[in-house]
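**Student:** Numbering (our numbering), first residue to last: -7 to 314. No residue lacks a Cβ here, since even glycine has one placed at the ideal position from N, Cα and C. Sharing a structure, written as structure tokens. Questions coming.
Structure, rendered in structure tokens:
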């Protein structure tokens, strides 16, 4: 995850939760206290922390319990998930193998989530609501990987960023953090040859907000058009041996690039009729792995009733996994 760039939207730390995951090694584990194990209908969760972070661990434990009902829509965990609570940000960065990610609060893998102790998120510590949102986002990543793969092949499925991050953002209700559909339409008109979905990796340096806003809205579009059952079908098809492209085609009934063209056309032609998925009223940004506030895009000279269709784009290669 990186911060930087000079795009027309202010830059948003990308939620590249699993770029280069194959190079990430788990942090050395402390012993797990059996009493700290949380058994829920959707899975088993274990907690590692120092004595000093016992109150912070209670917040994380509550966040996991609070996340369970919203995670259940995608299935159940196949393996126990260990949440390792690190005493400070530097320890989290070491465990996640991410250097200079000041905004990072947690980092998910197949069966482990690294968490910075909530007592150190701000001078006053984190609120339960902030911890709930971050953990729901991260656990969605772990559940997606477990529902679609095994521990031996979860990094090989080719799940694109728009699906992985869109799923996590959608599940955690983080639409208020990203640019609106109208903002995305304006971007597509101003940069008609850019593709923040199929070619996300070429844009995240300079158009972070665009990439992650597009991911959230594309996944929402997928769910609203085809339903959660068929999204679960994508995961199940991958679990049976397909990669993402094959699983998507089997469950959704059309190729990935056809879906992306459909969504791009929907946004470009303003099929949403200028509305937002979430109220535009500014919401204070919780500290965490999420999104900072987004500035207003400068006024566009492009008319709201375009006279031409968007360029047809087909992905040349899979987007980065997350």
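1. Inspect the CB distances between the region 76 to 84 and the region 100 to 112 and report whether three or more fall short of 8 Å.
2. How would you label residue 316, buried or exposed, when you count the other beta carbons within 10 angstroms and need 16 or more for buried?
3. Should residue 120 be labelled buried (16 or more other beta-carbon atoms within 10 Å of its own) or exposed?
4. Which partner residues does residue 38 have in the DSSP bridge list?
5. So, does the region 59 to 79 touch the region 127 to 141, judging by three or more C-beta pairs under 8 Å?
6. Output the distance between the C-alpha atoms of residue 204 and residue 54, rounded to the nearest integer angstrom.
7. Which whole-angstrom value describes the C-beta separation of residue 95 and residue 158, a residue pair presumed to lie in contact below a C-beta threshold of 8 Å?
8. With residue 131 as the anchor, note down where its alpha helix (DSSP H) starts and where it stops.
9. Within its chain, find whatever has a CB closer than 7 Å to the CB of residue 237; leave out the 5 residues flanking it on each side and keep chain order.
10. For residue 172, which of 76, 260, 228, 51 has the nearest alpha-carbon?
11. Can you find the residues in the same chain that come closer than 7 Å, C-beta to C-beta, to residue 65, ignoring five residues on each side of it along the sequence?
12. Are residue 213 and residue 258 touching if we call contact CB-CB under 9 Å?
13. Whose C-alpha, out of 253, 198, 125, 224, is nearest the C-alpha of residue 164?
14. Out of 224, 152, 117, point me to the one whose CA is closest to residue 252's CA.
15. Note the first and the last residue of the continuous alpha helix (DSSP H) segment covering residue 85.
16. Please return the same chain residues whose Cβ sits closer than 7 Å to the Cβ of residue 117, not counting the five positions on each side in sequence.
17. Mind checking residue 40: buried by the 16 CB within 10 Å criterion, or exposed?
18. Out of curiosity, what's the CA-to-CA distance linking residue -3 and residue 92?
19. Can you have a look at residue 246 and say buried or exposed, based on whether 16 or more other CB atoms are within 10 angstroms of its CB?
20. In the DSSP assignment, find the beta strand (DSSP E) that holds residue 108 and state where it starts and stops.
21. Following the continuous alpha helix (DSSP H) through residue 154, name the residue where it begins and the one where it ends.
22. Give the single residue among 224, 100, 230, 217 whose Cα lies nearest to the Cα of residue 263.
23. Residue 180 lies in the beta strand (DSSP E); which residues open and close that run?
24. Rounded to a whole number of angstroms, what is the C-alpha to C-alpha distance between residue 198 and residue 133?
25. Using alpha carbons as the reference points, say which of 154, 148, 88 lies closest to residue 235.
26. So, is residue 130 buried or exposed, given that buried needs 16 or more other C-beta atoms within 10 angstroms?
27. Can the beta-carbon of residue 127 be found closer than 9 Å to that of residue 76?
28. Let me make sure I understand the geometry here. Which of 123, 231, 256, 202 has the alpha-carbon closest to that of residue 48?
29. Alpha carbon to alpha carbon, what distance is there between residue 102 and residue 143?
30. Could you tell me whether the Cβ atoms of residue 239 and residue 227 are closer together than 9 Å?
31. Is it buried or exposed for residue 61, if we count other Cβ within 10 angstroms and need 16 for buried?
32. Exposed or buried, what is residue 36 when buried is set at 16 or more other beta-carbons lying within 10 Å of its beta-carbon?
**Tutor:** The relevant details are as follows:
1. Yes, the region 76 to 84 touches the region 100 to 112.
2. Since the first and last residues shown for the chain are -7 and 314, residue 316 lies out of range.
3. Exposed, since its Cβ has fewer than 16 Cβ neighbours within 10 Å.
4. DSSP, once it has assigned bridges, lists 74 as partnering residue 38.
5. When Cβ pairs closer than 8 Å are counted between the two stretches, the region 59 to 79 is seen to touch the region 127 to 141, the count reaching three or more.
6. Annotation: residue 204 to residue 54 spans about 28 Å, alpha carbon to alpha carbon.
7. Actually they do not touch by this definition, with Cβ atoms about 19 Å apart.
8. Element bounds for residue 131: 120 to 140.
9. 150, 248.
10. Minimum Cα distance to residue 172 is reached at 260.
11. Counting only Cβ-Cβ distances below 7 Å, and skipping sequence neighbours, we find 220.
12. A contact, by the Cβ cut-off of 9 Å.
13. Minimum Cα-Cα distance from residue 164 among the listed residues 253, 198, 125, 224 corresponds to 125.
14. Considering only alpha carbons, the answer is 152.
15. Residues 81 to 88.
16. Excluding five sequence positions before and after residue 117, the CB atoms of its chain that fall closer than 7 Å to its own CB belong to 110, 111, given in chain order.
17. Classified as buried, residue 40 has 16 or more neighbouring CB atoms from the shown chains inside 10 Å of its CB.
18. Caution applies to residue -3, whose pLDDT of 34 falls short of 50 and renders its modelled position unreliable; the model cannot decide the point.
19. Around the Cβ of residue 246, a 10 Å sphere holds fewer than 16 other Cβ atoms; the residue is exposed.
20. That run of the beta strand (DSSP E) goes 104 to 108.
21. Judged by DSSP secondary structure, residue 154 falls within the alpha helix (DSSP H) whose first and last residues are 153 to 163.
22. When C-alpha distances from residue 263 are compared across 224, 100, 230, 217, the shortest belongs to 217.
23. Here residue 180 belongs to no beta strand (DSSP E); instead the alpha helix (DSSP H) covers 173 to 182.
24. The alpha-carbon atoms of residue 198 and residue 133 are separated by roughly 24 Å.
25. Relative to the Cα of residue 235, the nearest Cα in the group 154, 148, 88 belongs to 148.
26. Residue 130 comes out buried.
27. No. Outside cutoff.
28. Nearest C-alpha to residue 48 among 123, 231, 256, 202: 123.
29. Across the structure, residue 143 and residue 102 are spaced so that their CA atoms are roughly 7 Å apart.
30. Yes.
31. The residue in question, residue 61, is exposed, as its Cβ has fewer than 16 Cβ neighbours within 10 Å.
32. By the neighbour-count criterion, in which 16 or more other beta carbons inside 10 Å mark a residue as buried, residue 36 falls on the exposed side.
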